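Q: Below is one structure. I have some questions about it.
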Amino acid sequence: VMLTLHLQTGVKMGGSLSIYILAPRAQTLVYVQYPIPSRTPGRTNKGFPLREGDILSSGSRGAITCLVDSCRWPRSVDGFVYVPYIISPLYGEITIETGMLDISSATCVKFVPRTHEANFLNIQSRTGCWSYLGMIGGSQTMSLQSPGCMWSGVAAHELMHALGFVHEQSRSDRDHHVSILWENIIEDQRHNFKKYETNNLNTAYDYSSVMHYGRYTFSEDGRPTIIPKPDPHISIGQRDGPSLTDIHKINILYNCGRY
Numbered sequence: 004v005m006l007t008l009h010l011q012t013g014v015k016m017g018g019s020l021s022i023y024i025l026a027p028r029a030q031t032l033v034y035v036q037y038p039i040p041s042r043t044p045g046r047t048n049k050g051f052p053l054r055e056g057d058i059l060s061s062g063s064r065g066a067i068t069c070l071v072d073s074c075r076w077p078r079s080v081d082g083f084v085y086v087p088y089i090i091s092p093l094y095g096e097i098t099i100e101t102g103m104l105d106i107s108s109a110t111c112v113k114f115v116p117r118t119h120e121a122n123f124l125n126i127q128s129r130t131g132c133w134s135y136l137g138m139i140g141g142s143q144t145m146s147l148q149s150p151g152c153m154w155s156g157v158a159a160h161e162l163m164h165a166l167g168f169v170h171e172q173s174r175s176d177r178d179h180h181v182s183i184l185w186e187n188i189i190e191d192q193r194h195n196f197k198k199y200e201t202n203n204l205n206t207a208y209d210y211s212s213v214m215h216y217g218r219y220t221f222s223e224d225g226r227p228t229i230i231p232k233p234d235p236h237i238s239i240g241q242r243d244g245p246s247l248t249d250i251h252k253i254n255i256l257y258n259c260g261r262y
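This note's numbering runs 3 ahead of the 1-based position in the sequence shown.
Dropping the structure here:
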């Protein structure tokens, strides 16, 4: 299952960024692709089905239950949530660490280089951009394929999946805020636009979320697949970095208190 997102960068050429999400323990993979703009057929990663375009999930822990289940990274005695990581030497660290800083500078979640910790993010340049959903334990691979996925906002998107967050337009109240144009969606990708009974953390719907699909995601013929309402001109699908509401949600989920 593949997700195609419209990357709003002002670039009008073809091309794409690919993103996956691996759901913990379930060993299934979800793939997301950000075209500029293009139509790309759905695919899987090594046989694992992809959900919502970039969430790998099946049975034991789904994207929708993560907010109320045990997928959060643990809080330290000092009140911070430390997420250890290692980054492959195959590419520079600055873009990825900028995505980390966008989160850690405004929340109690701190990404720290791994020393001896048993649970950590293992950031590699695999095929596409993908992550497990929430903490799964042990060495937890997150892929940011170079060079296509090397944007700090894409890194932040995947990091938010690793923290336990799913796509904004999957939330239960989405029909009040966006219209899904089913007739414009590639037929075998329509399942990616399902909505779920989600824990929305008492937050308003966020068009500017770094977790929101773009206007042309999975477009059949270049026409929009998602239209905001009541104002159809609202921008969606940005990958510049976490929005203020994204940051607020992290602080709520991880009980960050003073942030």
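C-beta atoms are modelled at their ideal positions from N, C-alpha and C, and glycine is treated no differently. In this text the structure is predicted, and so the values were computed from the model without any measurement.
1) Going by C-alpha to C-alpha distance, which of S107, P77 and T110 sits closest to R120?
2) Looking only at C-alpha atoms, which of K198, E96, Q192 and E186 sits nearest to V115?
3) Could you please give the first and the last residue of the uninterrupted beta strand (DSSP E) stretch that includes S108?
4) List the residues that DSSP assigns as beta-bridge partners of S222.
5) Which residues in the same chain as A159 place their Cβ atom closer than 7 Å to its Cβ, once the five residues preceding and following it in sequence are excluded?
6) For the 8 Å Cβ check, are there 3 or more pairs between the stretch 141–150 and the stretch 170–183?
7) Alpha carbon to alpha carbon, how far is A109 from L247? Give it in angstroms, no decimals.
8) Between P227 and H179, what straight-line distance do the alpha-carbon atoms span, to the nearest angstrom?
9) Where do the ends of the alpha helix (DSSP H) carrying V157 lie?
10) Going by beta-carbon coordinates alone, are I253 and V112 separated by less than 8 Å?
11) Exposed or buried, what is G137 when buried is set at 16 or more other beta-carbons lying within 10 Å of its beta-carbon?
12) Classify A207 as buried or exposed, calling it buried when 16 or more other Cβ atoms lie within 10 Å of its own Cβ.
13) Measure the CB-CB distance between I89 and N125 and report whether it falls below 8 Å.
14) How big is the Cα-Cα spacing for P231 and T118?
15) Would you please state the rounded distance, in angstroms, between the beta carbons of N258 and D224? I believe it to be under 8 Å.
16) Compare the C-alpha of R193 against each of I229, C132 and Y85 and name the closest.
17) Let me know if H164 comes out buried or exposed under the rule of 16 or more other beta-carbons within 10 Å of its beta-carbon.
18) Pick out the complete beta strand (DSSP E) segments inside the stretch 195–248, 3 residues or longer, and give them in chain order.
19) Where does Y257 sit, in a helix, a strand or coil, going by DSSP?
20) Would you kindly report the start and end of the unbroken beta strand (DSSP E) that includes Q127?
A: Once the coordinates are examined:
1) Indexing the sequence shown from 1 puts residue 120 at position 117. Strictly speaking, residue 120 in this sequence is Glu, with Arg absent from that position. From the listed residues S107, P77 and T110, the smallest Cα separation to E120 is found for P77.
2) Here residue 115 corresponds to residue number 112 of the sequence shown, with the count starting at 1. Minimum Cα distance to V115 is reached at E96.
3) Residue mapping note: residue 108 aligns to position 105 of the sequence shown, counting from 1. First-last for S108: undefined, no H or E at that position.
4) Residue 222 sits at position 219 when you count from the first residue of the sequence shown. Bridge partners of S222: I188.
5) Taking the sequence shown and counting its residues from 1, one reaches residue 159 at position 156. G102, D105, I106, V213, G244 and P245.
6) Result no; under three Cβ-Cβ pairs closer than 8 Å.
7) Against the sequence shown, residue 247 aligns to sequence position 244. Against the sequence shown, residue 109 aligns to sequence position 106. When rounded, the distance between both Cα atoms is 9 Å.
8) As a working mapping, residue 227 is identified with position 224 in the sequence shown. As a working mapping, residue 179 is identified with position 176 in the sequence shown. Taking the straight line from one Cα to the other gives about 18 Å.
9) Numbered from its first residue, the sequence shown carries residue 157 at position 154. Counting along the chain, the alpha helix (DSSP H) containing V157 begins and ends at S155 to L166.
10) Locating residue 253 in the sequence shown gives position 250, counting from the first residue. Locating residue 112 in the sequence shown gives position 109, counting from the first residue. A contact, by the Cβ cut-off of 8 Å.
11) As a working note, residue 137 is residue 134 in the sequence shown. With a 10 Å radius around the Cβ and a threshold of 16 neighbouring Cβ atoms, G137 comes out buried.
12) The residue given as residue 207 occupies position 204 in the sequence shown. Exposed: under 16 other Cβ atoms inside 10 Å.
13) Here residue 89 refers to the residue found at position 86 of the sequence shown. Here residue 125 refers to the residue found at position 122 of the sequence shown. Yes, these two residues count as a Cβ contact at 8 Å.
14) Residue mapping note: residue 231 aligns to position 228 of the sequence shown, counting from 1. Residue mapping note: residue 118 aligns to position 115 of the sequence shown, counting from 1. Those two C-alpha atoms are separated by around 45 Å.
15) Stepping through the sequence shown from its first residue, residue 258 is reached at position 255. Stepping through the sequence shown from its first residue, residue 224 is reached at position 221. Incorrect: roughly 45 Å between the Cβ atoms, too far for contact.
16) Within the sequence shown, residue 193 is the residue found at index 190, counting from 1. Checked all of I229, C132 and Y85; the closest Cα to R193 is I229.
17) As a first step, residue 164 is located in the sequence shown; it is residue number 161 there, counting from the start. H164 is buried by the Cβ-count criterion.
18) 229–231, all fully within the stretch 195–248.
19) Start at 1 with the first residue of the sequence shown, and residue 257 comes out as number 254. If DSSP states are grouped into helix, strand and coil, Y257 belongs with coil.
20) By one-based count along the sequence shown, residue 127 stands at place 124. From DSSP, the beta strand (DSSP E) with Q127 extends over F123 to Q127.
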